[in-house]
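Residue 174 is where the sequence shown starts when you use the working numbering, and the numbers rise one by one after that.
Report on the following structure.
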Amino acid sequence: MTHTLEEIAKLAGVSRSTVSRVINDHPNVRPEVRERVWQVIREVGYQPHAAARSLATNRTQVLGLIIPQAVTTLFTDPFFPHLIQGMAEACNAHRYHLMLSLFTGRTDQESLYRRVLRSGTLDGVVVASTTLDDPLIPRLLQEKLPFVSVGRHREAAVSYVDVDNVAGARQAVEHLLRQGHRRIATVTGPLAMMAGRDRLEGYRQALEARGVPVDDALIAEGDFTEEGGRMAMQRLLPHRPTAVFVASDTMAVGAMKAIKEAGLRIPEDVAVVGFDDLPVASIVEPALTTVRQPIERLGATAVEVLIGLIEQQAEAPQHIILPTQLVIRASCGALSGSRGLE
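Structure representation (C-alpha coordinates):
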(Lines of atoms letter the chains of each structure in order from A; the text may use other names.)
(Lines give C-alpha, C1' and ligand atoms only; values in the text may rest on other atoms or scores of the structure.)
Protein backbone atom coordinates (compact mmCIF):
# COMPACT_ATOMS: atom_id res chain seq x y z
CA MET A 174 0.00 0.00 0.00
CA THR A 175 1.28 3.45 -0.96
CA HIS A 176 0.90 6.14 1.69
CA THR A 177 0.76 9.89 1.13
CA LEU A 178 2.18 12.75 3.18
CA GLU A 179 -1.37 13.63 4.19
CA GLU A 180 -1.92 10.16 5.65
CA ILE A 181 1.39 10.28 7.52
CA ALA A 182 0.44 13.71 8.89
CA LYS A 183 -2.96 12.46 10.07
CA LEU A 184 -1.48 9.41 11.81
CA ALA A 185 1.19 11.55 13.51
CA GLY A 186 -1.24 14.31 14.44
CA VAL A 187 0.69 17.04 12.63
CA SER A 188 0.37 19.10 9.47
CA ARG A 189 1.53 17.96 6.02
CA SER A 190 4.16 20.72 6.02
CA THR A 191 5.58 19.42 9.31
CA VAL A 192 5.97 15.93 7.81
CA SER A 193 7.74 17.49 4.83
CA ARG A 194 10.11 19.41 7.12
CA VAL A 195 10.93 16.22 9.06
CA ILE A 196 11.68 14.22 5.91
CA ASN A 197 13.87 17.01 4.56
CA ASP A 198 15.77 17.42 7.86
CA HIS A 199 14.56 20.97 8.43
CA PRO A 200 15.88 22.21 11.79
CA ASN A 201 12.70 23.99 12.92
CA VAL A 202 10.92 20.90 14.25
CA ARG A 203 10.73 19.97 17.93
CA PRO A 204 12.62 16.73 18.74
CA GLU A 205 9.54 14.97 20.13
CA VAL A 206 7.52 15.85 17.01
CA ARG A 207 10.34 14.71 14.73
CA GLU A 208 10.56 11.36 16.54
CA ARG A 209 6.76 10.86 16.39
CA VAL A 210 6.71 11.47 12.63
CA TRP A 211 9.61 9.09 12.02
CA GLN A 212 7.92 6.47 14.20
CA VAL A 213 4.82 6.62 11.99
CA ILE A 214 6.96 6.51 8.84
CA ARG A 215 8.72 3.38 10.11
CA GLU A 216 5.45 1.71 11.13
CA VAL A 217 3.74 2.17 7.77
CA GLY A 218 6.89 1.62 5.71
CA TYR A 219 6.66 4.97 3.93
CA GLN A 220 9.46 5.69 1.46
CA PRO A 221 9.99 9.41 0.64
CA HIS A 222 10.15 10.05 -3.10
CA ALA A 223 13.78 10.83 -3.82
CA ALA A 224 13.12 13.05 -6.83
CA ALA A 225 10.52 15.11 -4.97
CA ARG A 226 12.81 15.46 -1.99
CA SER A 227 15.63 16.59 -4.26
CA LEU A 228 13.42 19.28 -5.78
CA ALA A 229 12.32 20.48 -2.35
CA THR A 230 15.82 20.71 -0.88
CA ASN A 231 17.89 21.34 -4.01
CA ARG A 232 20.01 18.39 -2.86
CA THR A 233 20.35 14.83 -4.09
CA GLN A 234 21.65 13.33 -0.81
CA VAL A 235 24.38 11.68 -2.89
CA LEU A 236 28.09 12.04 -2.18
CA GLY A 237 30.77 11.00 -4.63
CA LEU A 238 34.04 9.24 -3.89
CA ILE A 239 36.70 9.74 -6.54
CA ILE A 240 39.94 7.78 -6.31
CA PRO A 241 42.27 8.53 -9.24
CA GLN A 242 43.58 4.98 -9.37
CA ALA A 243 42.93 2.14 -11.80
CA VAL A 244 40.29 -0.36 -10.67
CA THR A 245 42.93 -3.08 -10.26
CA THR A 246 44.84 -0.93 -7.76
CA LEU A 247 41.71 0.02 -5.86
CA PHE A 248 40.65 -3.55 -5.17
CA THR A 249 44.10 -4.98 -4.44
CA ASP A 250 45.09 -2.34 -1.87
CA PRO A 251 43.50 -3.22 1.52
CA PHE A 252 43.58 0.46 2.54
CA PHE A 253 40.65 1.43 0.32
CA PRO A 254 38.02 -1.09 1.54
CA HIS A 255 38.58 0.15 5.10
CA LEU A 256 38.29 3.77 3.95
CA ILE A 257 35.07 3.06 2.04
CA GLN A 258 33.63 1.17 5.02
CA GLY A 259 34.08 4.22 7.24
CA MET A 260 32.57 6.50 4.62
CA ALA A 261 29.57 4.23 4.03
CA GLU A 262 28.77 4.04 7.74
CA ALA A 263 28.89 7.83 8.06
CA CYS A 264 26.71 8.26 4.96
CA ASN A 265 24.13 5.84 6.34
CA ALA A 266 24.09 7.65 9.69
CA HIS A 267 23.33 10.95 7.95
CA ARG A 268 20.93 9.47 5.35
CA TYR A 269 23.23 10.14 2.40
CA HIS A 270 24.13 7.76 -0.42
CA LEU A 271 27.69 7.10 -1.58
CA MET A 272 28.59 6.85 -5.26
CA LEU A 273 32.01 5.43 -6.17
CA SER A 274 33.60 6.58 -9.43
CA LEU A 275 36.12 4.12 -10.84
CA PHE A 276 38.77 4.38 -13.52
CA THR A 277 39.58 1.68 -16.03
CA GLY A 278 42.89 3.43 -16.61
CA ARG A 279 44.55 6.83 -16.76
CA THR A 280 43.28 7.49 -20.28
CA ASP A 281 39.66 7.97 -19.18
CA GLN A 282 40.49 10.24 -16.24
CA GLU A 283 39.63 13.55 -17.89
CA SER A 284 36.33 12.36 -19.36
CA LEU A 285 35.29 10.84 -16.03
CA TYR A 286 36.03 14.08 -14.19
CA ARG A 287 33.92 15.96 -16.70
CA ARG A 288 30.96 13.56 -16.51
CA VAL A 289 30.94 13.23 -12.73
CA LEU A 290 31.45 16.86 -11.78
CA ARG A 291 28.88 18.25 -14.21
CA SER A 292 26.25 15.55 -13.88
CA GLY A 293 24.30 17.42 -11.21
CA THR A 294 23.87 14.18 -9.25
CA LEU A 295 26.32 14.93 -6.45
CA ASP A 296 25.97 17.24 -3.46
CA GLY A 297 29.70 16.97 -2.80
CA VAL A 298 32.79 14.86 -3.36
CA VAL A 299 35.45 13.10 -1.31
CA VAL A 300 38.72 12.60 -3.16
CA ALA A 301 41.46 10.22 -2.06
CA SER A 302 44.94 9.22 -3.21
CA THR A 303 45.53 12.25 -5.41
CA THR A 304 48.96 13.27 -6.64
CA LEU A 305 50.36 16.77 -6.28
CA ASP A 306 49.78 17.53 -9.96
CA ASP A 307 46.35 15.89 -10.27
CA PRO A 308 44.01 18.18 -12.28
CA LEU A 309 41.03 17.13 -10.16
CA ILE A 310 41.70 19.51 -7.25
CA PRO A 311 41.94 22.71 -9.36
CA ARG A 312 38.84 21.61 -11.25
CA LEU A 313 36.85 21.09 -8.05
CA LEU A 314 37.89 24.53 -6.81
CA GLN A 315 36.79 26.01 -10.12
CA GLU A 316 33.44 24.18 -10.13
CA LYS A 317 32.78 25.35 -6.53
CA LEU A 318 31.42 21.90 -5.66
CA PRO A 319 31.91 21.13 -1.95
CA PHE A 320 34.70 18.59 -1.53
CA VAL A 321 37.08 17.13 1.02
CA SER A 322 40.42 15.47 0.37
CA VAL A 323 41.46 12.36 2.27
CA GLY A 324 45.08 13.38 2.52
CA ARG A 325 46.76 16.68 3.29
CA HIS A 326 46.96 19.11 0.39
CA ARG A 327 49.42 21.95 -0.09
CA GLU A 328 46.66 24.25 -1.42
CA ALA A 329 45.37 26.12 1.65
CA ALA A 330 41.85 26.47 0.21
CA VAL A 331 41.35 22.68 0.17
CA SER A 332 39.51 21.04 3.07
CA TYR A 333 41.21 17.82 4.09
CA VAL A 334 41.30 15.04 6.67
CA ASP A 335 44.54 13.17 7.23
CA VAL A 336 46.63 11.42 9.85
CA ASP A 337 49.82 12.91 11.24
CA ASN A 338 52.10 11.18 8.75
CA VAL A 339 55.20 13.12 9.81
CA ALA A 340 54.78 12.30 13.51
CA GLY A 341 53.87 8.68 12.82
CA ALA A 342 56.95 8.08 10.66
CA ARG A 343 59.14 9.93 13.14
CA GLN A 344 57.89 7.73 15.98
CA ALA A 345 58.61 4.57 13.96
CA VAL A 346 62.20 5.59 13.23
CA GLU A 347 62.78 6.82 16.79
CA HIS A 348 61.77 3.36 17.97
CA LEU A 349 64.39 1.76 15.71
CA LEU A 350 66.99 4.24 16.94
CA ARG A 351 66.22 3.25 20.53
CA GLN A 352 66.90 -0.36 19.53
CA GLY A 353 70.44 0.71 18.65
CA HIS A 354 70.08 0.89 14.86
CA ARG A 355 71.94 3.57 12.91
CA ARG A 356 71.84 2.26 9.34
CA ILE A 357 68.10 2.69 8.99
CA ALA A 358 66.73 2.57 5.44
CA THR A 359 63.30 3.62 4.24
CA VAL A 360 60.98 2.57 1.44
CA THR A 361 58.94 5.71 0.80
CA GLY A 362 55.51 6.06 -0.68
CA PRO A 363 55.19 7.78 -4.06
CA LEU A 364 56.86 11.17 -3.70
CA ALA A 365 54.24 12.67 -6.01
CA MET A 366 51.81 12.25 -3.08
CA MET A 367 51.81 14.20 0.18
CA ALA A 368 51.67 11.00 2.25
CA GLY A 369 54.88 9.81 0.63
CA ARG A 370 56.61 13.13 1.24
CA ASP A 371 55.36 13.54 4.81
CA ARG A 372 56.45 10.05 5.89
CA LEU A 373 59.87 10.66 4.36
CA GLU A 374 60.05 13.95 6.27
CA GLY A 375 59.29 12.13 9.54
CA TYR A 376 62.10 9.66 8.77
CA ARG A 377 64.54 12.52 8.15
CA GLN A 378 63.49 14.40 11.29
CA ALA A 379 64.04 11.37 13.52
CA LEU A 380 67.55 10.74 12.18
CA GLU A 381 68.59 14.39 12.29
CA ALA A 382 67.35 14.79 15.87
CA ARG A 383 69.72 11.97 16.91
CA GLY A 384 72.61 13.33 14.86
CA VAL A 385 72.49 10.40 12.42
CA PRO A 386 73.37 11.51 8.86
CA VAL A 387 70.65 10.98 6.24
CA ASP A 388 72.17 8.68 3.61
CA ASP A 389 70.37 8.97 0.26
CA ALA A 390 71.59 5.47 -0.61
CA LEU A 391 69.28 4.19 2.14
CA ILE A 392 66.19 5.84 0.62
CA ALA A 393 64.21 4.02 -2.10
CA GLU A 394 60.89 5.19 -3.53
CA GLY A 395 58.01 2.71 -3.61
CA ASP A 396 54.47 2.84 -4.97
CA PHE A 397 52.32 1.49 -2.11
CA THR A 398 52.15 -1.97 -3.74
CA GLU A 399 53.62 -5.25 -2.47
CA GLU A 400 55.77 -5.71 -5.56
CA GLY A 401 56.92 -2.09 -5.34
CA GLY A 402 58.04 -2.71 -1.75
CA ARG A 403 59.88 -5.87 -2.76
CA MET A 404 61.75 -4.16 -5.61
CA ALA A 405 62.65 -1.12 -3.49
CA MET A 406 64.02 -3.38 -0.75
CA GLN A 407 66.13 -5.24 -3.29
CA ARG A 408 67.72 -1.91 -4.22
CA LEU A 409 68.45 -1.14 -0.56
CA LEU A 410 69.93 -4.45 0.59
CA PRO A 411 73.37 -3.99 -1.08
CA HIS A 412 73.83 -0.93 1.19
CA ARG A 413 73.52 -3.19 4.26
CA PRO A 414 70.80 -1.53 6.35
CA THR A 415 70.17 -3.09 9.75
CA ALA A 416 66.60 -1.77 9.83
CA VAL A 417 64.02 -0.37 7.43
CA PHE A 418 60.96 1.83 7.85
CA VAL A 419 58.48 1.01 5.09
CA ALA A 420 55.81 3.64 4.41
CA SER A 421 52.92 1.16 4.09
CA ASP A 422 52.12 -2.32 5.36
CA THR A 423 51.45 -3.57 1.84
CA MET A 424 54.94 -2.51 0.76
CA ALA A 425 56.36 -3.91 4.00
CA VAL A 426 55.07 -7.37 3.07
CA GLY A 427 57.00 -7.12 -0.20
CA ALA A 428 60.09 -5.79 1.58
CA MET A 429 60.01 -8.72 4.01
CA LYS A 430 59.88 -11.13 1.07
CA ALA A 431 62.96 -9.49 -0.45
CA ILE A 432 64.84 -9.74 2.86
CA LYS A 433 64.02 -13.44 3.21
CA GLU A 434 64.87 -14.13 -0.45
CA ALA A 435 68.32 -12.64 0.24
CA GLY A 436 68.84 -15.24 2.98
CA LEU A 437 68.52 -12.68 5.78
CA ARG A 438 66.52 -12.99 8.99
CA ILE A 439 63.88 -10.62 10.38
CA PRO A 440 64.57 -9.01 12.82
CA GLU A 441 68.02 -10.47 13.60
CA ASP A 442 69.61 -9.16 10.37
CA VAL A 443 67.11 -6.50 9.30
CA ALA A 444 64.38 -5.07 11.54
CA VAL A 445 61.20 -3.93 9.77
CA VAL A 446 58.54 -1.36 10.67
CA GLY A 447 55.51 -0.58 8.48
CA PHE A 448 52.71 1.98 8.40
CA ASP A 449 48.88 1.44 8.44
CA ASP A 450 48.26 -1.55 10.77
CA LEU A 451 46.26 -3.44 8.17
CA PRO A 452 45.08 -6.97 9.11
CA VAL A 453 48.05 -8.45 7.23
CA ALA A 454 50.41 -6.90 9.80
CA SER A 455 49.42 -9.46 12.44
CA ILE A 456 49.40 -12.37 9.97
CA VAL A 457 52.85 -12.13 8.38
CA GLU A 458 55.79 -13.95 9.98
CA PRO A 459 57.22 -12.37 12.00
CA ALA A 460 54.30 -10.14 12.92
CA LEU A 461 54.87 -6.61 11.68
CA THR A 462 55.59 -3.66 13.95
CA THR A 463 53.72 -0.78 12.35
CA VAL A 464 52.19 2.66 12.74
CA ARG A 465 48.44 2.39 13.20
CA GLN A 466 46.33 4.93 11.37
CA PRO A 467 42.54 4.96 11.95
CA ILE A 468 41.52 4.34 8.33
CA GLU A 469 37.78 3.87 8.86
CA ARG A 470 37.67 6.93 11.10
CA LEU A 471 39.51 8.81 8.36
CA GLY A 472 36.73 7.98 5.88
CA ALA A 473 33.93 8.73 8.34
CA THR A 474 35.45 12.08 9.32
CA ALA A 475 35.84 13.08 5.67
CA VAL A 476 32.12 12.45 5.12
CA GLU A 477 31.14 14.36 8.26
CA VAL A 478 33.27 17.35 7.26
CA LEU A 479 31.80 17.28 3.74
CA ILE A 480 28.22 17.17 5.00
CA GLY A 481 29.02 20.12 7.26
CA LEU A 482 30.20 22.08 4.22
CA ILE A 483 27.15 21.08 2.15
CA GLU A 484 24.68 21.97 4.88
CA GLN A 485 26.61 25.15 5.68
CA GLN A 486 27.30 24.13 9.26
CA ALA A 487 31.00 24.82 8.68
CA GLU A 488 33.06 27.07 6.46
CA ALA A 489 35.81 25.89 4.14
CA PRO A 490 38.61 25.16 4.47
CA GLN A 491 38.54 22.57 7.23
CA HIS A 492 41.89 20.94 8.13
CA ILE A 493 41.71 17.90 10.44
CA ILE A 494 44.69 15.77 11.46
CA LEU A 495 44.10 12.48 13.30
CA PRO A 496 46.72 10.87 15.57
CA THR A 497 48.64 7.66 14.86
CA GLN A 498 49.95 5.01 17.25
CA LEU A 499 52.98 2.72 17.11
CA VAL A 500 52.04 -0.96 17.46
CA ILE A 501 55.05 -3.03 18.51
CA ARG A 502 55.23 -6.62 17.30
CA ALA A 503 58.06 -9.04 16.54
CA SER A 504 59.52 -7.68 13.28
CA CYS A 505 61.46 -4.87 14.98
CA GLY A 506 63.22 -7.11 17.50
CA ALA A 507 61.85 -5.31 20.55
CA LEU A 508 59.53 -8.19 21.48
CA SER A 509 59.69 -11.96 21.21
CA GLY A 510 56.49 -12.42 19.26
CA SER A 511 54.39 -10.48 21.76
CA ARG A 512 52.47 -7.32 21.11
CA GLY A 513 52.47 -3.86 22.59
CA LEU A 514 51.62 -0.23 22.04
CA GLU A 515 53.82 2.83 22.30
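Backbone N, C-alpha and C define an ideal beta-carbon position, used for all residues, glycine too.
Contact between PHE397 and PRO363 holds, with the beta-carbon distance rounding to 7 Å and staying under 8 Å.
Note that the stretch 355-370 touches the stretch 295-308; at least 3 beta-carbon pairs, one per stretch, sit closer than 8 Å. A straight-line Cα-Cα distance of about 27 Å links VAL419 and GLU328. Going by beta carbons, THR462 and ILE493 fall outside the 8 Å limit.
When only Cα atoms are considered, SER455 and PHE252 end up about 15 Å apart.
Contact annotation, PRO414 with VAL443: C-beta distance approximately 6 Å; criterion of less than 8 Å satisfied. The shortest CA-to-CA distance from GLU477 to any of ALA243, THR423 and VAL323 is the one to VAL323.
Counting only runs that start and end inside the stretch 177-261, the alpha helix (DSSP H) elements of at least 4 residues fall at 178-185, 189-196, 204-217, 223-230 and 244-249. For GLY341, the secondary structure class from DSSP, reduced to helix, strand or coil, is helix. Taking a cut-off of 8 Å on C-beta distances, the stretch 344-354 touches the stretch 375-385, as three or more cross pairs fall below it.
Within the DSSP bridge table, the entry for THR463 names GLY447 and VAL500 as partners. DSSP lists ILE392 and PHE418 as the bridge partner or partners of THR359.
Non-local beta-carbon contacts of LEU471 in its own chain, meaning distances under 7 Å to residues more than five positions away in sequence, involve LEU256, GLY259, VAL323, VAL334, VAL336 and LEU495 in chain order.
Between ALA416 and HIS354, the CB-CB gap stays under 8 Å. Inter-segment contact for the stretch 293-302 and the stretch 426-438 is absent: fewer than three beta-carbon pairs are separated by less than 8 Å. Residue pairing by DSSP places VAL334 opposite VAL323 and ILE493 in a beta bridge. Straight-line measurement puts the Cα of ALA382 at about 33 Å from the Cα of PRO490.
Cβ-Cβ separation between MET424 and GLU394: approximately 10 Å, too far for a contact (criterion under 8 Å). Burial check for ALA266: the Cβ neighbour count within 10 Å stays below 16, so the residue is exposed. The beta-carbon separation of ALA460 and SER421, rounded to 16 Å, does not stay under the 8 Å limit for a contact.
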